[in-house]
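Right, one structure below, let's go through it.
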Amino acid sequence: MSLKTVLILLGLALATIFALVCVLLTRERSPRTCQHLPPEQEDMEDDQSLVFADLTPEEMSQVVRYLQGHLGVPLVDASRAKPSDNCIASVDLQVPAKAEVLRFLDGAGARPPREALAVLYFGNQPEPNITEYVVGPLPAPAYHRDVTVQKYGGKVPYHRRPVTGKEYRDINALVQRELEKAPRFLSACCESDGTNLAILTTAPRGFKSGDRVTWFVLFHHVAGTGYYLSPVGLEVLVDHGDLHVSQWQLRQVFYNGRYFASTGDLEQEFVAGVLEVVRLKQPQADAVLGSMKPRRPPGSPGPLQFEPQGPRYSVRNNHITFQGWSIAFGMNPNTGPRLFDIRYRGERIVYELSLQEALALYSSNCPGGMSTRYLDGSFGIGRFAYELVQGLDCPYTATYVDQHYLAESDTPKTNQKSLCIFEHDSALPLRRHFSDSQSFYYGGLRKSTLVIRTISTLINYDYIWDFMFHGSGAVEVRVHATGYISSSFFHGQATDYGNRVGPHTLGTMHLHHIHYKVDLDVDGQLNSLETQDMEYEFVKDPWSTQNTIERPYLRRERLEKEDEAAFPLNAPMPRYLSFVSPNPNKWEHPRSYRIQVISFAGKHLPTSSSMERSISWGRYQLAVTRRKEEEPTSSSIYNQNDPWTPTVAFADFINNETITNEDLVAWITVGFLHVPHAEDIPNTVTVGNEVGFFLRPYNYFNEDPSVDSSDSVYFSSEQDAGACGANPLACLSSATTCAPRLPPFHFGGFLNL
Numbered sequence: 001m002s003l004k005t006v007l008i009l010l011g012l013a014l015a016t017i018f019a020l021v022c023v024l025l026t027r028e029r030s031p032r033t034c035q036h037l038p039p040e041q042e043d044m045e046d047d048q049s050l051v052f053a054d055l056t057p058e059e060m061s062q063v064v065r066y067l068q069g070h071l072g073v074p075l076v077d078a079s080r081a082k083p084s085d086n087c088i089a090s091v092d093l094q095v096p097a098k099a100e101v102l103r104f105l106d107g108a109g110a111r112p113p114r115e116a117l118a119v120l121y122f123g124n125q126p127e128p129n130i131t132e133y134v135v136g137p138l139p140a141p142a143y144h145r146d147v148t149v150q151k152y153g154g155k156v157p158y159h160r161r162p163v164t165g166k167e168y169r170d171i172n173a174l175v176q177r178e179l180e181k182a183p184r185f186l187s188a189c190c191e192s193d194g195t196n197l198a199i200l201t202t203a204p205r206g207f208k209s210g211d212r213v214t215w216f217v218l219f220h221h222v223a224g225t226g227y228y229l230s231p232v233g234l235e236v237l238v239d240h241g242d243l244h245v246s247q248w249q250l251r252q253v254f255y256n257g258r259y260f261a262s263t264g265d266l267e268q269e270f271v272a273g274v275l276e277v278v279r280l281k282q283p284q285a286d287a288v289l290g291s292m293k294p295r296r297p298p299g300s301p302g303p304l305q306f307e308p309q310g311p312r313y314s315v316r317n318n319h320i321t322f323q324g325w326s327i328a329f330g331m332n333p334n335t336g337p338r339l340f341d342i343r344y345r346g347e348r349i350v351y352e353l354s355l356q357e358a359l360a361l362y363s364s365n366c367p368g369g370m371s372t373r374y375l376d377g378s379f380g381i382g383r384f385a386y387e388l389v390q391g392l393d394c395p396y397t398a399t400y401v402d403q404h405y406l407a408e409s410d411t412p413k414t415n416q417k418s419l420c421i422f423e424h425d426s427a428l429p430l431r432r433h434f435s436d437s438q439s440f441y442y443g444g445l446r447k448s449t450l451v452i453r454t455i456s457t458l459i460n461y462d463y464i465w466d467f468m469f470h471g472s473g474a475v476e477v478r479v480h481a482t483g484y485i486s487s488s489f490f491h492g493q494a495t496d497y498g499n500r501v502g503p504h505t506l507g508t509m510h511l512h513h514i515h516y517k518v519d520l521d522v523d524g525q526l527n528s529l530e531t532q533d534m535e536y537e538f539v540k541d542p543w544s545t546q547n548t549i550e551r552p553y554l555r556r557e558r559l560e561k562e563d564e565a566a567f568p569l570n571a572p573m574p575r576y577l578s579f580v581s582p583n584p585n586k587w588e589h590p591r592s593y594r595i596q597v598i599s600f601a602g603k604h605l606p607t608s609s610s611m612e613r614s615i616s617w618g619r620y621q622l623a624v625t626r627r628k629e630e631e632p633t634s635s636s637i638y639n640q641n642d643p644w645t646p647t648v649a650f651a652d653f654i655n656n657e658t659i660t661n662e663d664l665v666a667w668i669t670v671g672f673l674h675v676p677h678a679e680d681i682p683n684t685v686t687v688g689n690e691v692g693f694f695l696r697p698y699n700y701f702n703e704d705p706s707v708d709s710s711d712s713v714y715f716s717s718e719q720d721a722g723a724c725g726a727n728p729l730a731c732l733s734s735a736t737t738c739a740p741r742l743p744p745f746h747f748g749g750f751l752n753l
């Protein structure tokens with residue numbers, strides 16, 4: 001080997017060694033750059049938030065076993081219970097009284113006993129009824145007390161109970177038996193023997209208290225697609241009010257604009273040739289109206305959000321902390337998401353922020369559509385919040401939380417990953433300024449927000465519930481609506497009630513109204529309500545007195561009574577409306593939080609309607625009342641099936657009591673009118689279908705609290721903006737080396753169905 005060859009090989013070896021050393025040094029430094037940093041911890045102890053924590057599956061099972069052994073009556077598992085049986089309908093947390101909780105959280109008070117609220121249907125009694133028990137203490141129950149009369153003023157009539165899955169299955173069997181009486185009609189109208197038709201419930205169920213008579217709408221069903229867009233024109237009215245299933249009857253039949261006494265009569269008219277039939281083909285999976293299957297192969301992936309040094313928030317049990325925020329979260333199986341003890345910088349802003357009810361009120365020239373007023377709480381807003389799809393429903397790297405519930409079964413169930421928590425960069429400045437005069441500089445702060453999200457699928461609609469916490473001290477609450485529209489068979493003057501969206505499909509006009517409870521505690525429990533708005537005053541200009549100026553001035557008013565603080569839906573409301581504290585800020589203004597409502601609600605049901613009182617919360621876009629322990633919710637799961645004698649009537653909460661320096665609650669209605677159109681096929685999009693409200697600090701602080709954010713950016717013309725030490729944005733290039741290894745995609749959301 002020549003000397004030249006040796007020298008070349010030696011040089012290559014040295015270069016290789018140098019390169020390896022550089023790589024090793026780089027790898028040694030990378031963990032320091034990308035290491036996960038622990039989130040800031042708040043003063044509140046995590047275990048304190050457990051006073052609001054949802055029941056664990058073990059606690060639910062303990063309550064079931066206790067009731068089975070201590071009520072002295074036979075209990076049938078609700079999943080198979082007949083109306084004539086006794087069963088445990090649901091078990092949920094009994095939230096302790098506010099006074100007890102505050103003594104525990106803020107003083108030296110004892111931790112309130114942990115209790116459950118159990119709802120039982122007693123069908124096997126001389127006087128069937130619904131009874132609610134508080135059971136405790138958990139985890140080892142030793143007592144139960146009947147709270148039904150205390151809560152509702154008497155026993156709850158049995159006919160008000162929500163319809164169970166077992167009841168729906170029995171109704172479906174009855175309808176199938178009735179359809180067998182019209183085989184030739186079904187073959188002609190629908191290319192069906194009835195077994196491939198989907199049946200959709202409506203509600204309420206009749207026209208007076210005690211009725212349990214429901215219209216069911218029939219649709220073509222193709223596996224893997226939404227049947228809601230394929231009505232066949234056939235609807236049936238079922239009387240299922242008797243305790244004995246054998247006594248249930250089909251009362252009426254509707255087809256293509258005509259009413260019949262039975263499916264037998266319908267078949268008879270068809271055979272006689274006097275029935276006008278619209279002959280529908282059985283939809284094919286690749287061409288069915290409303291298919292969500294992709295029409296194009298996947299393209300390149302879109303942007304991904306990740307945290308270079310791990311999440312900047314902390315989740316422990318039911319407690320979240322994030323950059324000064326502290327929140328306890330949970331889920332009611334009926335009413336959905338609920339938050340408690342929301343604090344910012346150690347001060348409580350909101351004691352309770354919870355969803356109360358969701359109304360969907362429809363129109364149509366078919367009986368099912370025109371009579372539908374869904375109160376989704378009775379179906380289960382929280383119970384039907386299923387597993388979220390990572391990377392689509394929420395960011396891929398979000399924190400996902402399981403939710404447990406016990407409803408219509410003696411066995412608890414789990415909706416895995418049904419709530420997500422993430423920090424969201426909205427790609428928008430929270431605040432910024434570019435100075436181009438006197439001195440040249442740029443200052444700004446990214447709008448980075450903590451989001452708590454869950455999504456409920458309520459028959460055809462999907463509601464996306466968001467609770468957002470901003471660096472400015474503001475809370476944002478919003479809901480998006482998506483999913484499938486509901487539809488009716490297109491016939492007659494159908495376009496008076498919506499738009500045609502398919503060959504035989506009417507997208508039926510409807511409204512969505514959502515109700516929230518906001519128990520604000522602004523700098524303490526005792527608050528008042530103040531409004532501010534602008535007016536014009538006409539004055540002579542003071543420097544010449546020859547001209548007139550229209551000068552805006554600020555009109556302030558303290559509202560003293562509940563009646564003054566009940567603002568009708570869609571009526572003008574003061575632009576600034578705030579919960580104010582008796583205590584001032586540095587500038588001698590009352591420390592306050594402003595309520596700002598963003599809504600496009602439809603018209604409320606006329607008060608002359610026999611069922612209006614059951615949704616009387618919808619009369620008001622905002623109503624402020626004195627907080628009362630006996631007024632915990634604005635609606636009830638029992639209102640759906642007896643709206644004519646509502647178990648809870650929100651209108652009764654407003655009785656002109658004083659609201660000055662009292663513990664107050666804001667009840668907020670948001671919503672929108674939806675006239676379905678061609679672009680709602682296959683699905684309603686979230687764009688433009690978003691409503692909600694803000695809770696914004698208004699003189700609560702002495703300045704914008706976000707000035708303390710470590711995310712702030714400032715550089716001047718005299719600095720090198722590209723230097724990492726002068727501008728944190730210049731450090732981001734190194735953060736890209738910290739892209740996480742994403743876990744494999746997994747989805748188990750179909751397991752519990």
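No gaps in the numbering here: position 260 of the sequence shown is 260 in full-length UniProt numbering, and each next residue is one more. The C-beta atom is built at its ideal place from N, Cα and C for all residues, glycine as well.
Member of the options whose CA lies at the smallest distance from the CA of residue i
i           : options                : result
D47         : F329, P283, D92        : F329
H491        : V232, T414, A203, P157 : V232
V409        : V222, E276, H159, V119 : The amino acid occupying residue 409 in the given sequence is Ser; Val does not appear at that position. Here the closest residue by C-alpha is V119.
P705        : H470, P412, N527, T645 : H470
V670        : M370, H515, L229, S246 : H515
S486        : A474, E58, Q249, N683  : N683
Q356        : F745, V713, T633, D680 : T633
residue 758 : S192, G380, L174, L353 : The requested residue 758 is not part of the displayed model; the chain covers only 1 to 753.
S709        : S610, M534, R161, S472 : S472
P728        : G368, E564, R446       : R446
R205        : V238, A188, D533, I595 : V238
V135        : H144, Y66, P294        : H144
Close beta carbons around residue i, own chain, < 7 Å, minus the five adjacent residues each side
i    : result
Y313 : P39, I320, T321, F322, I421, E423, L450
R184 : E267, F270, V271
F104 : V51, A110, R111, P112
V389 : F747
P333 : S90, D92, G380, G382, R383, Y405, A407
Nearest-angstrom Cβ-Cβ length linking residue i and residue j, presumed shorter than 8 Å
i    : j    : result
F701 : N585 : 7 Å
V95  : V64  : 20 Å between Cβ atoms; not a contact.
F685 : T482 : Correcting the residue identity first, residue 685 is Val in this sequence and not Phe. Confirmed, about 7 Å.
H220 : C190 : 7 Å
H244 : S84  : 6 Å
V277 : V236 : That pair is no contact at about 17 Å.
Identified DSSP bridge partners for residue i
i    : result
M60  : None; M60 has no bridge partner.
F715 : Y442
T321 : S314, S326
A118 : V91, Y133
V451 : F422, M468
F254 : E235, Y259
Burial state of residue i, where buried means 16 or more other Cβ atoms lie within 10 Å
i    : result
P395 : buried
F538 : exposed
G688 : exposed
C724 : exposed
G643 : The amino acid at residue 643 is misidentified as Gly; the sequence shows Pro. Per the 10 Å Cβ criterion, buried.
I681 : buried
S608 : exposed
Q309 : exposed
I615 : buried
Proximal residues to residue i (C-beta, below 6 Å), its chain only, five neighbours per side dropped
i    : result
P31  : Caution is warranted here: a pLDDT of 39 is assigned to P31, below 50, making its placement in the model unreliable, and the coordinate value is therefore given only provisionally. Cβ within range, chain order: n/a, list empty.
R345 : G324
L234 : L218, Y255
L197 : L218
Cβ shell of residue i (< 8 Å), same chain only, five flanking positions each side left out
i    : result
Y593 : I349, L520, V522, S578, F579, L695, R696, P697, Y698, Y700
R626 : E562, E657, T658, I659, E662, D663, L664, V665
K166 : A78, S79, R80, A81, K82, E408
W587 : N699, N702
T26  : Only weak support exists for where T26 lies, its pLDDT of 38 falling under 50; the value from the coordinates is given anyway. Nothing meets the Cβ criterion.
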